[in-house]
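Sequences listed follow chains W and G, in order.
Here the first sequence stands for residues 1085 to 1235, where the numbers follow this note's numbering.
Here the second sequence stands for residues 1085 to 1235, where the numbers follow this note's numbering.
Number of protein chains: 2
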Amino acid sequence: MQTVNALGMATETTKTDTYRLSAQVGFNLRRANQRHVAIFAKHVEGLTPTQFAVLARIHECGALSQNKLGRLTAMDSATIKGVVERLRAKGLVQSSLDQSDQRLRLVDLTPAGRTAFETALDQALAARSETVERLTDDEIATFEALLAKLI
Amino acid sequence: MQTVNALGMATETTKTDTYRLSAQVGFNLRRANQRHVAIFAKHVEGLTPTQFAVLARIHECGALSQNKLGRLTAMDSATIKGVVERLRAKGLVQSSLDQSDQRLRLVDLTPAGRTAFETALDQALAARSETVERLTDDEIATFEALLAKLI
DNA sequence: ACGCATTTGCTCGTATACAAGCAGATGTTG
DNA sequence: CAACATCTGCTTGTATACGAGCAAATGCGT
């Protein structure tokens, strides 16, 4: 469809101006995340991506208060509470009250939790590989850089 | 730390070999999605990203069976059921039984739903802009292309 | 010492998200 | 027609995810 706008310039108006859901960044971020979660579940036995993230963060930083652990794993206090509770039920973490600050619940790995993390690590890396398998190495690097910039 | 491997080549082993959660694609996809959902909620009044996606898809394709609608918006049957139910409660969609196939619940926009979509559209586009505001136009195009390839 | 803002962890309510399993409708095939 | 697989929509159970609001502990300033 050819029209002429107020400035006298020809403009093209085709069906492609309609909002196409499948081209939206937000929709595709959601789908990409869904796909990664599914791939992760296929590779990693007994841990969700969020649960693995908590184990990884404690492994990386040592014992942390529950809220701080949530901040470092991108979960609010309501969410981290449930995740820690489920990891505790599996015997992978334990929490204790901090002596000098009675508000803090220090969450740490149990020996079983450390083992579980080390076992899951290779599986998580395999999941990561499958997630990005359609990209070349250069594309992966570009994508990771842009994703980091986006956050 | 300097070591020599079986081939006699010097290799560098530093702290950066440890698993860094914040560098993981999966973790960052999750965070990027969280960020977009938060930005979307700030811009779009009364609709979640998934609810908006359903309205957009019906607007794009016309009435659809509930399951097909779910497939086209990346939701399984349990999820789409709840989303449609909440949109129905808001009066934005209505569903009716298909005459020729008694299994199908055809979901369509109400006039209010059409209006709501048209109102939300500009807000959704503004949310998209804010989501990608830290990227240049070229970077946005690259990111969208790689994201599409990833899915 | 006291008041006050902040932090922490909690609960409740709402909204995705998926696995698993169900019953009813349909279509296909012997 | 009868057997069968498939598709549809449903329910239950589990797991994030966040807003809002709560009480207890802390620390800071006066």
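Glycine included, C-beta positions come from ideal geometry on N, C-alpha and C.
In chain G, which residues lie less than 8 angstroms from residue i when you measure between Cβ atoms?
i, result
"residue 1144 of chain W", "1102, 1103, 1104, 1105"
"residue 1051 of chain W", "Here chain W has residues from 1085 to 1235 only, and residue 1051 of chain W is not among them."
"residue 1216 of chain W", "1109, 1234"
"residue 1226 of chain W", "1226, 1230"
"residue 1133 of chain W", "1110, 1111, 1114"
Taking C-beta pairs closer than 7 angstroms, name the residues in chain W that residue i reaches, listed in chain order.
i, result
"residue 1204 of chain G", "Ordered by position in chain W, no residue passes the 7 angstroms Cβ test against residue 1204 of chain G, which lies about 10 angstroms from the chain."
Note down, in chain order, every chain W residue with its Cβ under 8 angstroms from the Cβ of residue i.
i, result
"residue 1119 of chain G", "1234, 1235"
"residue 1129 of chain G", "Going along chain W, no residue has its Cβ under 8 angstroms from residue 1129 of chain G, so there is no contact; the nearest lies around 16 angstroms."
List the whole-angstrom C-beta distance separating residue i from residue j, where the pair is believed to meet the contact cut-off of C-beta under 8 angstroms.
i, j, result
"residue 1117 of chain G", "residue 1117 of chain W", "5 angstroms"
"residue 1211 of chain W", "residue 1124 of chain W", "4 angstroms"
"residue 1207 of chain W", "residue 1127 of chain W", "5 angstroms"
"residue 1215 of chain G", "residue 1109 of chain W", "6 angstroms"
"residue 1172 of chain G", "residue 1179 of chain G", "7 angstroms"
"residue 1226 of chain W", "residue 1220 of chain G", "About 13 angstroms; that fails the 8 angstroms criterion."
"residue 1234 of chain W", "residue 1218 of chain G", "6 angstroms"
"residue 1176 of chain W", "residue 1194 of chain W", "6 angstroms"
"residue 1060 of chain G", "residue 1223 of chain W", "Here chain G covers residues 1085 to 1235 and nothing more, so residue 1060 of chain G does not appear."
"residue 1115 of chain G", "residue 1162 of chain W", "Actually they do not touch by this definition, with Cβ atoms about 17 angstroms apart."
"residue 1113 of chain G", "residue 1113 of chain W", "7 angstroms"
Quick one: what does DSSP say residue i is sitting in, helix, strand or coil?
i, result
"residue 1111 of chain G", "helix"
"residue 1102 of chain G", "coil"
"residue 1216 of chain W", "coil"
"residue 1224 of chain W", "helix"
"residue 1235 of chain G", "coil"
"residue 1229 of chain W", "helix"
"residue 1086 of chain W", "Legend: pLDDT at residue 1086 of chain W = 43, less than 50; position of this residue unreliable, value from coordinates given subsequently. Residue 1086 of chain W: strand per DSSP, three-state reduction."
"residue 1094 of chain G", "With a pLDDT of 48 at residue 1094 of chain G, under the threshold of 50, the modelled position of that residue is not reliable, and the figure given next carries that caveat. The answer is strand: DSSP assigns residue 1094 of chain G an E or B state."
Anything in chain W within Cβ reach of residue i, meaning under 9 angstroms, just list it in chain order.
i, result
"residue 1158 of chain G", "1111, 1114, 1115, 1118"
"residue 1219 of chain G", "1230, 1233, 1234"
"residue 1147 of chain G", "By Cβ distance, chain W contributes nothing, its closest Cβ being about 16 angstroms from residue 1147 of chain G, past 9 angstroms."
"residue 1137 of chain G", "1105, 1108, 1110, 1111, 1114"
At 7 angstroms on the CB atoms, spell out the chain G contacts of residue i, in chain order.
i, result
"residue 1223 of chain W", "1230"
"residue 1140 of chain W", "1103, 1105"
Exercise for the section: Specify whether the region 1104-1120 of chain G and the region 1183-1193 of chain G touch according to this definition: at least 3 beta carbon pairs, one from each stretch, less than 8 angstroms apart. Expected result: no
Handout entry: Secondary structure, alpha helix (DSSP H): runs of 4+ residues fully inside the region 1126-1208 of chain G
Key = 1133-1145, 1150-1156, 1161-1173
Problem - Touch test, the region 1127-1147 of chain W against the region 1137-1157 of chain G, Cβ-Cβ under 8 angstroms, three pairs minimum - result: no
Practice task
Indicate whether the contact test is met: 3 or more Cβ pairs, each with one atom in the region 1152-1164 of chain W and one in the region 1198-1207 of chain G, closer than 8 angstroms.
Solution key: no
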